[in-house]
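Here is the structure we will look at.
In this note's numbering, the protein residues as written are 332 to 576.
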């Protein structure tokens with residue numbers, strides 16, 4: 332019969348992961364394009380993280396591109412958002428995903444982005460809010476180049492294999508961009524199939540009080556993250572109780 336320690340190990344590990352989860356992402360309430368700003372957070376560890384810019388440029392909110400590809404976290408973390416990522420608006424936020432554990436991204440509340448010069452391409456607008464390239468493979472510094480590639484083959488790249496492949500080749504030649512394995516065929520060719528959504532778009536976007544600024548100077552995701560951790564803590568306790576009984 333397994334020892335008590337062995338039987339409890341999975342639940343003890345779950346408790347440890349809950350207590351060390353990244354928490355309390357705080358961002359300024361407003362950020363200017365091409366100017367550095369700092370974000371803070373609680374409970375960083377030695378894992379590697381990817382830092383995304385999340386936005387709703389085409390209507391659906393989710394990671395659009397990454398600001399830091401792979402980094403350890405030390406608070407505060409300095410970031411800069413290129414002007415070309417999108418227009419000035421109040422629907423931007425920062426998302427941080429733990430690459431070491433593979434856990435989904437934690438989101439900051441929304442902030443106002445000013446000085447933005449970018450706009451969604453016609454190709455993006457025809458995707459119904461779905462990301463046109465996996466944010467894990469797209470640095471924010473290259474988003475203007477990527478949009479130019481998508482627009483250059485539009486509208487044929489929505490339905491024709493040749494134009495679609497030309498667009499993909501062009502995109503992967505943009506600085507820092509890597510292939511998106513979910514891109515298999517033109518979007519209109521997938522109407523009868525279920526569309527594969529990149530991992531980065533599957534993370535839940537902030538909602539409720541977590542999606543809006545909480546004061547005049549900065550916003551924090553601590554409340555929503557704490558509720559998520561409390562739920563995970565309760566599940567771990569329930570599992571441990573089942574073992575003991």
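We put the CB at the ideal spot given by N, CA and C, even for glycine.
- prompt: Residues in its own chain within less than 7 angstroms of residue 464 by CB, not counting five upstream and five downstream?
  reply: 477, 502, 511
task: Give me the Cα-Cα distance between residue 427 and residue 474, rounded to the nearest whole angstrom.
output: 19 angstroms
Rounded distance between the beta-carbons of residue 471 and residue 413, thought under 8 angstroms: 6 angstroms
message: Relative to the C-alpha of residue 402, which candidate in 431, 462, 516, 419 has its C-alpha closest?
response: 431
- prompt: Which one or two residues does DSSP pair with residue 396 in a beta bridge?
  reply: 384
message: Using CA atoms only, rank isn't needed, just tell me which of 357, 358, 482, 382 is closest to residue 467.
response: 382
Best match in 507, 489, 505, 508 for proximity to residue 515 [C-alpha to C-alpha]: 489
- request: Please name the residue or residues paired with residue 360 in a DSSP beta bridge.
  value: In the DSSP output, where bridge partners are listed per residue, residue 360 has none listed.
- request: Go to residue 410, then tell me how far its beta strand (DSSP E) extends in each direction, as first and last residue.
  value: 408–410
- prompt: Would DSSP call residue 373 helix, strand or coil?
  reply: strand
message: Between 367, 441, 496, 493, which has its C-alpha nearest residue 392's C-alpha?
response: 441
message: On the criterion of 16 or more Cβ atoms from any shown chain inside 10 Å, does residue 452 qualify as buried, or is it exposed?
response: buried
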